[in-house]
Ligand code: SAH
Ligand code: SF4
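Numbering (the numbering used here), first residue to last: 65 to 440.
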């Protein structure tokens, strides 16, 4: 029996052009198809009048354009966050999140179903690893969020609050660009959902290429950020790419022993070697790195630990994003309070390290960092 059809979103523009021309059609038709799907957001080949009927018929038979099914959708009470539970073609479930910040909308997407890295405070890690996502499954999450922002979208009766009233202090994860003229357009993508993006390197980089295509989704080259638990070979590979996405590294501890207790894979990729890879990335790319630090009360939020971070990151063009722990089932730690976070920031500032405290977003719908799991 034939397997499932290949998915349109797994193809780069060059691959689509090669396929269409191999069927005897002009590259011009490949270009119309590409912009029909990505620019005009067409959801069916049959709706693309500018594509020849014979080509549409062949596509219908050989390529799937089906989006993932929406199993459920939850809106945070403040209205700034929406979480989508999506079912993939084989039934695997993943989550994607729409987040509204001042002047920008950000899509937070998953790179794997589950995660193999086992960080003790992360709901995805506790699920274990199911499988890697394909490039198309990553792209499709971004398209889903983009569609949700259309005025005609389901749920438009409950419009998102304006960006003007969104939180002003926290520019949001991966926010490296100033506010944009049309704040209701999706402009930022962060690979900070379920999974470890550098464990699924090739699919993630292919998705990034598709998302950036100027005639396609046209997400700005500097508006995609990837967060890693610290997969060293992936960081080095990323540094050697022509135009890598922005990098965030989940640090959580400034000594090897403390880090290994929170992030088991630190045993495989130790802190010293991780910092060396980060220095290589910064020097090679001439860019700063974001370091994420989940703040757990009494565990990694003391003044001594803040000083240790200051010494560890000294000399690197770094920015620290502090994320007060979000509650997850099975981990008893508590988030640091505001005073502890403030104190931590003040110490970092003494080392010349800029930092932000990530606003707690979508916690009431379990859409915060580390809360994504697909059990429901
Ligand atoms: N696998 C990648 C990206 C996904 S997790 C990574 O680990 O970097 C995105 C961020 O959420 C990471 O910094 C992660 O450490 C953090 N995180 C995980 N669980 C959390 C929790 N319960 N509360 C707050 N942040 C959490
Ligand atoms: Fe995986 Fe990131 Fe969660 Fe760790 S924090 S288990 S790497 S998703």
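Cβ coordinates follow ideal geometry from the N, Cα and C atoms, glycine included.
So, do the stretch 275-292 and the stretch 249-258 have three or more beta carbon pairs nearer to each other than 8 Å? Taking 8 Å as the limit for Cβ pairs, the verdict is that the stretch 249-258 does touch the stretch 275-292.
Residue nearest to residue 425 in terms of C-alpha spacing, selected from 140, 174, 166: Reading the chain shown from its first residue, position 361 is the one you call residue 425. The option with the nearest alpha carbon to residue 425 is 140.
Report yes if the C-beta of residue 179 is less than 7 Å from at least one heavy atom of the ligand SF4; otherwise report no. As a working note, residue 179 is residue 115 in the chain shown. At a threshold of 7 Å, residue 179 counts as near the ligand SF4, since its beta carbon sits closer than that to one of the ligand's heavy atoms.
Let me confirm a value: residue 92 is counted as buried when at least 16 other C-beta atoms fall within 10 Å, else exposed. Which label applies? Taking the chain shown and counting its residues from 1, the one referred to as residue 92 is at position 28. By the Cβ neighbour-count rule, residue 92 is exposed, with fewer than 16 other Cβ atoms within 10 Å of its own.
Below 8 Å on the Cβ atoms is my contact criterion, and I expect residue 173 with residue 151 to pass it. Report the Cβ-Cβ distance as a whole number of Å. The count along the chain shown starts at 1 and reaches residue 173 at position 109. The count along the chain shown starts at 1 and reaches residue 151 at position 87. Not confirmed; about 15 Å, so no contact.
Quick one: what's got a C-beta closer than 6 Å to residue 145's C-beta in the same chain, skipping five residues either side? The residue labelled residue 145 in the question sits at position 81 within the chain shown. Taken in chain order, the residues that qualify are 163, 425, 426, 431.
Stretch pair the stretch 360-379 + the stretch 389-404: three plus CB contacts closer than 8 Å: Between the stretch 360-379 and the stretch 389-404 there are three or more C-beta pairs closer than 8 Å, enough to call the two in contact.
What number of angstroms, rounded off, separates the C-alpha of residue 110 from the C-alpha of residue 208? Residue numbering aside, residue 110 sits at position 46 when the chain shown is read from its first letter. Residue numbering aside, residue 208 sits at position 144 when the chain shown is read from its first letter. Cα to Cα, the separation comes out at about 20 Å.
Between residue 298 and the rest of its own chain, which residues show a CB-CB distance below 7 Å, the 5 nearest in sequence each way excluded? Position 234 of the chain shown, counted from the start, is the residue given in the question as residue 298. Close CB contacts of residue 298 within its chain, under the 7 Å cut and outside five residues either way in sequence, are with 262, 265, 292 (chain order).
C-alpha gap between residue 95 and residue 278, whole angstroms: Taking the first residue of the chain shown as 1, we reach residue 95 at position 31. Taking the first residue of the chain shown as 1, we reach residue 278 at position 214. Their Cα atoms are separated by approximately 12 Å.
Using the three-state DSSP reduction, which class does residue 128 fall into: helix, strand or coil? As a working mapping, residue 128 is identified with position 64 in the chain shown. Looking at residue 128 - three-state DSSP - the assignment turns out to be strand.
Span of the beta strand (DSSP E), counted from its first residue to its last, around residue 25: For residue 25 there is no data in the structure shown, the boundaries of the chain being 65 and 440.
Please look up how many angstroms separate the CB atoms of residue 102 and residue 281, rounded, as I've assumed it's under 8 Å. On the chain shown, position 38 is the one that residue 102 refers to. On the chain shown, position 217 is the one that residue 281 refers to. Yes, they are in contact, since the Cβ atoms of residue 102 and residue 281 sit about 5 Å apart, within 8 Å.
Grouping DSSP H, G and I as helix and E and B as strand, with all else coil, what is residue 175? Reading the chain shown from its first residue, position 111 is the one you call residue 175. In the displayed model, residue 175 falls within coil according to three-state DSSP, outside both helix and strand.
Is residue 390 near the ligand SAH, with its Cβ less than 7 Å from a heavy atom? Within the chain shown, numbered from 1, the residue matching residue 390 stands at position 326. Checking every heavy atom of the ligand SAH against the Cβ of residue 390, one is found closer than 7 Å.
For residue 292, verify whether its CB is less than 7 Å away from any heavy atom of the ligand SAH. If you number the chain shown from 1, residue 292 lands on position 228. Flag set: Cβ of residue 292 near the ligand SAH.
Under 8 Å by Cβ, that's how I've got residue 338 and residue 374 pegged, so tell me the actual separation to the nearest angstrom. What you label residue 338 is simply residue 274 of the chain shown in a count that begins at 1. What you label residue 374 is simply residue 310 of the chain shown in a count that begins at 1. The C-beta separation of residue 338 from residue 374 comes to about 17 Å, leaving the pair out of contact by the 8 Å criterion.
Distance between residue 388 and residue 358 (C-alpha atoms, nearest Å): Here the question's residue 358 lines up with position 294 in the chain shown. Here the question's residue 388 lines up with position 324 in the chain shown. Using only the alpha carbons, I get a separation of about 6 Å.
Would residue 98 be called buried (16 or more neighbouring beta carbons within 10 Å of its own) or exposed? Within the chain shown, residue 98 is the residue found at index 34, counting from 1. If you draw a 10 Å sphere on the C-beta of residue 98, you find 16 or more other C-beta atoms in it, and that means buried.
Quick one: using the 10 Å Cβ neighbour count with 16 as the cut-off for buried, is residue 188 buried or exposed? As a first step, residue 188 is located in the chain shown; it is residue number 124 there, counting from the start. When all chains shown are included, residue 188 counts as buried.
For residue 410, tell me which candidate among 368, 194, 84 has the shortest Cα-Cα distance. Here residue 410 corresponds to residue number 346 of the chain shown, with the count starting at 1. Of 368, 194, 84, the smallest CA-CA separation from residue 410 is found for 368.
Using the Cβ count rule (16 or more neighbours within 10 Å means buried), how would you classify residue 77? The count along the chain shown starts at 1 and reaches residue 77 at position 13. By the neighbour-count rule (16 or more Cβ atoms within 10 Å), residue 77 is buried.
Residue 71, DSSP secondary structure in three states: One-based indexing of the chain shown puts residue 71 at position 7. Assigned with DSSP and collapsed to three states, residue 71 falls in strand.
Cβ-Cβ distance between residue 204 and residue 438 below 8 Å: Taking the chain shown and counting its residues from 1, the one referred to as residue 204 is at position 140. Taking the chain shown and counting its residues from 1, the one referred to as residue 438 is at position 374. Cβ atoms of residue 204 and residue 438: not closer than 8 Å.
Is the beta carbon of residue 196 sitting closer than 8 Å to the one on residue 267? Position 132 of the chain shown, counting from 1, holds the residue named residue 196. Position 203 of the chain shown, counting from 1, holds the residue named residue 267. The answer is yes: Cβ separation under 8 Å.
Look up residue 102 in the DSSP assignment and say whether it is helix, strand or coil. Within the chain shown, the letter at position 38 stands for residue 102. Three-state result, residue 102: helix.
Does DSSP classify residue 302 as helix, strand or coil? Locating residue 302 in the chain shown gives position 238, where the first residue counts as 1. Of the three classes helix, strand and coil, the one that applies to residue 302 here is helix, per DSSP.
Which term fits residue 333, buried or exposed, when burial requires 16 or more other beta carbons within 10 angstroms of its beta carbon? The residue you call residue 333 lines up with position 269 of the chain shown. Residue environment: residue 333 is assigned as buried (16 or more neighbouring CB atoms within 10 Å of its CB, all protein chains considered).
Is the separation between the beta-carbon of residue 327 and that of residue 183 shorter than 8 Å? For the purposes of this step, residue 327 is taken as residue 263 along the chain shown, with counting starting at 1. For the purposes of this step, residue 183 is taken as residue 119 along the chain shown, with counting starting at 1. At a Cβ-Cβ threshold of 8 Å, residue 327 and residue 183 count as neighbours.
Excluding the 5 residues flanking residue 310 on each side, which residues of the same chain have their C-beta closer than 8 Å to its C-beta? In the chain shown, counting from the first residue as 1, residue 310 sits at position 246. Excluding positions up to five away in sequence, the list reads 238, 240, 286, 288, 289, 290, 351, 354.
Cβ neighbour criterion (16 or more within 10 Å) applied to residue 71: Locating residue 71 in the chain shown gives position 7, where the first residue counts as 1. The residue is buried, with at least 16 neighbouring Cβ atoms inside 10 Å.
Between residue 250 and residue 74, what straight-line distance do the alpha-carbon atoms span, to the nearest angstrom? What you label residue 250 is simply residue 186 of the chain shown in a count that begins at 1. What you label residue 74 is simply residue 10 of the chain shown in a count that begins at 1. Between the alpha carbons of residue 250 and residue 74 lies a distance of about 21 Å.
Beta carbon of residue 13, beta carbon of residue 434: below 8 Å? No answer is possible for residue 13: the residues shown for the chain start at 65 and end at 440.
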